[in-house]
Amino acid sequence: MFALTALPPGVDKAEWLASNTVAFFKHINLFSSALSEFCTPSTCPTACGPDNTVYVWTDDHGRKLKCSAPLYFDYAMSYIQELLTDEDVFPTKAGSVFPTGFVFLVQKVFLLFFRTLAHIYWSHYRETLALGLHPHLNTLFTHLTLFCQQHALLEPEDIEPLQDLITALGQQV
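Position in the sequence shown counted from 1, then plus 262, gives you the working numbering.
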């Protein structure tokens with residue numbers, strides 16, 4: 263798994279971050295959609311993670327919005343989708359330059375990815391087990407956390423609530 267996360271020789275770091283951001287977006291969207299029937303405004307009135315950490319969405323005006331988990335993650339995935347399709351942020355043409363602050367945006371995106379998976383572990387692990395999806399979740403989460411560690415995309419305080427899980431899964435790699 264470490265080989266999957268390391269920057270390959272000769273590859274531009276921003277390009278590596280961009281291509282992996284797109285891949286993680288697709289994988290996390292696909293995985294979370296498999297559990298969407300269990301994550302509803304009535305079952306998840308707040309977006310929460312380990313130790314009942316509540317995730318609030320900050321809108322374009324800086325206002326913090328406490329919302330249901332499905333709404334929070336819809337906001338998150340819509341925001342990420344907008345970034346991914348913005349040529350000024352994620353250029354797709356050869357010779358294009360990534361913007362100043364690109365790494366900061368990628369860090370924000372990976373925090374949202376992490377929170378999405380943290381919510382699934384915290385609120386929907388039983389359903390994940392019942393559907394036999396736990397090996398996929400564990401692999402996706404391990405890949406995400408190793409990639410984040412390799413490229414310094416998350417702060418220690420962001421991952422601390424799931425540090426025991428990260429350590430346990432890391433020992434299986």
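Every residue gets a Cβ at the ideal spot worked out from N, C-alpha and C, and that includes glycine.
Practice task
Just the C-alpha distance for L391 and I382, rounded to the nearest angstrom, thanks.
Solution key: Rounded to whole angstroms, L391 to I382 spans 11 angstroms at the Cα level.
Exercise for the section: Evaluate F352 with the Cβ neighbour count: other Cβ atoms within 10 Å of its Cβ, from every protein chain shown; 16 or more gives buried, anything less gives exposed. Expected result: Only buried fits F352, as 16 or more other CB atoms lie within 10 angstroms of its CB.
Practice task
Given a cut-off of 8 angstroms, decide if T320 and K328 are closer than it, judged by their beta-carbon atoms.
Solution key: No, the Cβ-Cβ distance between K328 and T320 is not below 8 angstroms.
Handout entry: Inter-residue spacing [alpha-carbon to alpha-carbon] between E277 and V365
Key = Those two C-alpha atoms are separated by around 11 angstroms.
Practice task
Look at the Cβ atom of V318, then the Cβ atom of I342, and state whether they are nearer than 8 angstroms.
Solution key: No; because the gap between Cβ atoms is not below 8 angstroms, this pair is not in contact.
Handout entry: Counterpart residues of W319 in DSSP-defined beta bridges
Key = Bridge pairing for W319: L327 [DSSP].
Practice task
Rounded to whole angstroms, what's the CA-CA distance from D420 to R377? Just pull it up for me.
Solution key: Distance between the alpha carbons of D420 and R377 is about 9 angstroms.
Exercise for the section: Report yes if the C-beta distance between D313 and P418 is below 8 angstroms; otherwise report no. Expected result: The answer is no: Cβ separation not under 8 angstroms.
Problem - Helix, strand or coil at C306 [DSSP, three-state] - result: DSSP places C306 in coil when its eight states are reduced to three.
Handout entry: Among F293, F375 and G432, the one whose alpha carbon lies nearest that of Y337
Key = Sorting F293, F375 and G432 by C-alpha distance to the C-alpha of Y337 places F375 at the top.
Practice task
Determine the direct distance from the alpha carbon of T354 to that of I428, and round the result to whole angstroms.
Solution key: As the crow flies, the alpha-carbon of I428 is around 33 angstroms from that of T354.
Exercise for the section: Entirely within the segment 387 to 416 and at least 4 residues each: give me those alpha helix (DSSP H) ranges in chain order. Expected result: Segments of the alpha helix (DSSP H) lying fully in the segment 387 to 416: 396 to 412.
Handout entry: Runs of alpha helix (DSSP H) lying entirely within the segment 345 to 369, each at least 4 residues, in chain order
Key = Runs found: none.
Handout entry: T302, buried or exposed, once every other Cβ within 10 Å from all chains shown has been counted against 16
Key = Exposed.
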